[in-house]
Every structure is written in structure tokens, then in C-alpha cells.
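Protein sequences appear in the order of chains A and B. Going by the numbering used here, the residue at position 105 of the first sequence is 281; the numbering climbs one at a time, nothing skipped. Going by the numbering used here, the residue at position 74 of the second sequence is 933; the numbering climbs one at a time, nothing skipped. Inspection log for the structure reproduced underneath, given as C-alpha cells.
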Amino acid sequence: DVKVTQSSRYLVKRTGEKVFLECVQDMDHENMFWYRQDPGLGLRLIYFSYDVKMKEKGDIPEGYSVSREKKERFSLILESASTNQTSMYLCASSSPGTDTDTQYFGPGTRLTVL
Amino acid sequence: TQLLEQSPQFLSIQEGENLTVYCNSSSVFSSLQWYRQEPGEGPVLLVTVVTGGEVKKLKRLTFQFGDARKDSSLHITAAQPGDTGLYLCAGVDSSNTGKLIFGQGTTLQVKP
Chain A
177 DVKVTQSSRY
187 LVKRTGEKVF
197 LECVQDMDHE
207 NMFWYRQDPG
217 LGLRLIYFSY
227 DVKMKEKGDI
237 PEGYSVSREK
247 KERFSLILES
257 ASTNQTSMYL
267 CASSSPGTDT
277 DTQYFGPGTR
287 LTVL
Chain B
860 TQLLEQSPQF
870 LSIQEGENLT
880 VYCNSSSVFS
890 SLQWYRQEPG
900 EGPVLLVTVV
910 TGGEVKKLKR
920 LTFQFGDARK
930 DSSLHITAAQ
940 PGDTGLYLCA
950 GVDSSNTGKL
960 IFGQGTTLQV
970 KP
């Protein structure tokens, strides 16, 4: 079974703090994604990566950066957290050309910025 | 920009009732997926529909892909409390990057 793990289920940070969210997948997937999920807005793509050290902006990259130094790990960084970044963050992975683009998700990190 | 409009956003029904969730777009998708998300968990794939007009069944759930591959529906027959959750449709982005375009989601509550 594909497993995607996220470093924290719940996180509380203060405005201005630098925040790291980690995601690890164990299926050797090339593609990895970071989304934020807010009620009524569905999943919005922040960044994605299709290979080590490669990254592409999604629909809402402002205020975020990412890092992919190893194939299995994709990190989301909030350089200076703000209250409007309070949200559920979901990581996903997929392998191109297989499973017709099925994405496998982690359990999510609920981030609260005070 | 490809968009997916999902409706309704909320649905609260009694056990045993039928329901349909719709996912519509002005864009053509190569395939469309339906995910289900339970509280505290990430979305999990239910089904992928690929061919225009395709119908797939998963027990009491019936998924249909429109002939023009622009819309899809999820029909649940005789809903059970265990069907409660968030249902998300997602279209495969035409850029061939593996990206998905998600609808806003439908929160379903089935009361016993």
C-alpha cells in the first residue's frame, strides 16, 4: 500500500514564525503536491514537484516555498506565517503514466497561526 | 483555466434516501476522478472515469462521465450513515503534468 506521511497532524504557530511542513512517501513516486483545503474552496494547489530539485508553482504559491532534495520528501515552508495561512494542508504523491494520475494523500496537517 | 463546479455543497439526508452530486465544467478533461474524504484523513480515490458516456458502479455508488467529457455525476442509492463524508471530483489537467483540478467538494451527512 502507498503510504504518505506528514510530520504533524496539528500545529500552532505565531504570526511571523517560519513554519516547516514535511511530507514523505514510500512508493518512489515522481510527482508530489502540496494543497491547502478550506471549507467551500475545495483543494487548492500551492506547489508541485515532478522530480528531485524541480518545483512548479500552483494556483496559490504566494507566501509559500518548497524544497525537494530527495525523491521521497517534499517540504512546504511558510517563510513568515500569517493568520490567513491558517488552514488544513494536504500532501499528495503520484506516478506519471500509472494509475491514471491517481493521487495518494497524507492525513493532513491542521495549521493554526495566532 | 480549467474549472470544476461541484454541487450541491452540502447535503443532509435520511438513511435510505437517494442522492446525486454533480460536477460540471466548460472544459474537456481526459479523465475525471472522484475522491472521498473522512474527517481527519486525506482524500481517497473512489473511481476514475475515462471514456465519454462511461458508467462505473461501486456497490451503491454509480459514477457517470458525460458524453463530451465535461461533466460527471455521482449517484448514491439507499444512502447509509457510513457514506457520510466529503466527496470531491477532480479533473486531470490537460497540461499532462499529473495535476488535478478539484471541485469545491460536497459534504454529505446521512442521518440514521
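Where a beta carbon is used, it is the ideal one built from N, C-alpha and C, also for glycine.
**Item:** Stretch-stretch touch, CB-based, cutoff 8 Å, three pairs: the stretch 257-277 of chain A with the stretch 212-232 of chain A
**Value:** yes
**Request:** Could you tell me whether the Cβ of F250(A) comes closer than 8 Å to any Cβ of chain B?
**Result:** As a working mapping, residue 250(A) is identified with position 74 in the first sequence. No, F250(A) does not count as interfacial toward chain B.
**Prompt:** For N260(A), is the classification buried or exposed, using 16 other Cβ atoms within 10 angstroms of its Cβ as the cut-off for buried?
**Reply:** Counting from one through the first sequence, the residue named residue 260(A) turns up at place 84. The residue in question, N260(A), is exposed, as its Cβ has fewer than 16 Cβ neighbours within 10 Å.
**Message:** Using only CA atoms, which one of D202(A), V242(A), E238(A) and G234(A) lies nearest to G957(B)?
**Reply:** The count along the second sequence starts at 1 and reaches residue 957(B) at position 98. Of the listed residues, the one whose Cα sits closest to G957(B) is G234(A).
**Request:** Please confirm if G925(B) has its CB atom under 8 Å from at least one CB of chain A.
**Result:** Walking along the second sequence from the start, residue 925(B) turns up at place 66. No, G925(B) lies away from the interface with chain A (no Cβ there is under 8 Å from its Cβ).
**Contact residues within the stretch 957-968 of chain B, judged by C-beta distance below 8 Å to chain A** = G957, K958, L959, F961, G962, Q963 and G964
**Request:** Verify the CB distance criterion: does T278(A) have a CB-CB separation below 8 Å to chain B?
**Result:** Here residue 278(A) refers to the residue found at position 102 when the first sequence is read from its first residue. So yes, T278(A) belongs to the interface.
**Request:** Keeping to the same chain, check which residues put their C-beta closer than 6 Å to that of H934(B); ignore five residues upstream and five downstream.
**Result:** Here the question's residue 934(B) lines up with position 75 in the second sequence. So the qualifying residues of the chain are T879 and T921.
**Message:** Less than 8 Å between the beta carbons of S884(B) and L905(B), yes or no?
**Reply:** Stepping through the second sequence from its first residue, residue 884(B) is reached at position 25. Stepping through the second sequence from its first residue, residue 905(B) is reached at position 46. In this structure, L905(B) does not lie closer than 8 Å to S884(B) by Cβ.
**Prompt:** Going straight from the alpha carbon of E206(A) to that of E245(A), what length do you get?
**Reply:** By 1-based counting over the first sequence, the position of residue 206(A) is 30. By 1-based counting over the first sequence, the position of residue 245(A) is 69. Distance between the alpha carbons of E206(A) and E245(A): 13 Å.
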